[in-house]
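Mind the numbering: the first sequence is residues 1 to 115 in my numbering, read in order. Have a look at the structure below before the remarks.
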Amino acid sequence: MKTDPSFFDKVYEVVRHVPYGRITTYGHIAEYIGAKGASRMVGWAMNASHGGDPPVPAHRVVNRTGLLTGKHHFQTEDMMQRLLTNEGVDVKDDRVVDFEKLLWIPVKEMKSELG
DNA sequence: GAGGTGACTGCGA
DNA sequence: CTCGCAGCCACCT
């Protein structure tokens, strides 16, 4: 079908599946939608997620090092960190503390969900 | 149709 | 450890 969901829609859906108090990375999202290596597109999609409906918790998406690289694209630079801390995710120096523990992998978690 | 952009990632020095 | 380069692919002009 040429009317298949856009690349962006795939990204949005995965991000929306990220549970509360959890985070994921661009690479894992890209891999899940079959665009492994195209992690840049994920971030690009996030930029278009503003005003999306339903809203996309872009603040739960960070780079592979847990760094809040996209915080500059929020309403305010401290918005991303604030949202994360609000969910119980501790952030320090623009990095997610114990981000590996809070890391949520769609390719892994979503698969289990299907079963 | 062609060129430029980007909220990333991996590898080498 | 830090710094730089190349690959990746959809969207915009």
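The C-beta atom is built at its ideal place from N, Cα and C for all residues, glycine as well. Note that the coordinates shown come from a computational prediction; the quantities given were computed from them, not determined experimentally.
Query raised in the report: What is the DSSP secondary structure of Arg95, reduced to helix, strand or coil?
Result: strand
**Report entry** Beta carbon of Tyr12 nearer than 8 Å to that of Val56
**Finding:** yes
Report task. Look at the alpha carbon of Phe74 and the alpha carbon of Met80, and state the distance between them as a whole number of angstroms. Result -> 7 Å
Query raised in the report: Between which two residues does the alpha helix (DSSP H) containing Phe7 stretch?
Result: 7 to 16
Query raised in the report: Taking 7 Å as the cut-off, is the CB of Ser6 close to at least one heavy atom of the ligand SAH?
Result: The model depicted lacks the ligand SAH and carries no ligand whatsoever.
Query raised in the report: According to DSSP, which residues form a beta bridge with Thr25?
Result: Val62
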